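Numbering (this note's numbering), first residue to last: 1 to 153.
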């Protein structure tokens with residue numbers, strides 16, 4: 001709001017898409033306090049276990065999340081699992097491992113289970129999809145025929 005009668009001029013920059021969804025960039029800047037404030041998420045399915053590489057593969061890659069980075073690094077975060085990181089991403093898939101060289105908790109990520117991924121930039125990630133599922137808090141991993149779908153674009 002610039003008020004010509006005031007000696008203080010305020011420059012305000014607003015990103016409405018970011019405000020409604022938040023993302024890892026907003027977590028870094030402090031606009032979103034933590035991952036619980038991030039509404040825009042990508043739900044991915046575990047499609048591979050690689051015990052020899054101590055990692056899992058999920059079915060979300062650059063065309064679901066983009067490869068844009070943030071100041072804190074990496075291309076996304078696994079919600080609820082700060083100990084995990086994406087170490088490789090292709091167009092269609094991402095490989096996730098433990099940050100330290102310890103055994104990956106495969107039992108916690110069975111094949112065909114879903115994981116919530118926090119995108120670095122929600123506007124870019126949202127542009128990768130033509131439909132969004134609206135779910136209530138606590139139901140973020142449950143999608144069914146009754147889930148509300150919002151058409152976009």
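Virtual Cβ for every residue (Gly too), placed ideally from N, Cα, C.
It should be emphasised that the depicted structure is a prediction, and the values quoted were computed from it without experimental measurement.
message: Looking at residue 99: is its Cβ nearer than 7 Å to the Cβ of residue 83?
response: Yes, the Cβ-Cβ distance between residue 99 and residue 83 is below 7 Å.
message: Between 103, 21 and 45, which has its C-alpha nearest residue 116's C-alpha?
response: Checked all of 103, 21 and 45; the closest Cα to residue 116 is 45.
message: With three or more C-beta pairs closer than 8 Å as the rule, is the region 59-67 touching the region 30-38?
response: Taking a cut-off of 8 Å on C-beta distances, the region 30-38 does not touch the region 59-67, as fewer than three cross pairs fall below it.
- request: Return the first residue and the last residue of the alpha helix (DSSP H) that residue 122 is part of.
  value: Per DSSP, residue 122 belongs to the alpha helix (DSSP H) from 122-126.
task: Assign residue 111 to buried or exposed, taking buried as 16 or more other Cβ atoms, counted over all protein chains shown, within 10 Å of its Cβ.
output: Residue environment analysis places residue 111 among the exposed positions, since fewer than 16 neighbouring C-beta atoms fall within 10 angstroms of its C-beta.
message: Going by C-alpha to C-alpha distance, which of 51, 118, 128 and 107 sits closest to residue 25?
response: For residue 25, the closest alpha carbon among the candidates 51, 118, 128 and 107 is that of 118.
- request: Locate the beta strand (DSSP E) running through residue 65, then write down its first and last residues.
  value: Not the beta strand (DSSP E): residue 65 falls in the alpha helix (DSSP H), residues 62-65.
task: Using the Cα positions of residue 53 and residue 86, report the straight-line distance between them to the nearest angstrom.
output: The alpha-carbon separation between residue 53 and residue 86 amounts to approximately 13 Å.
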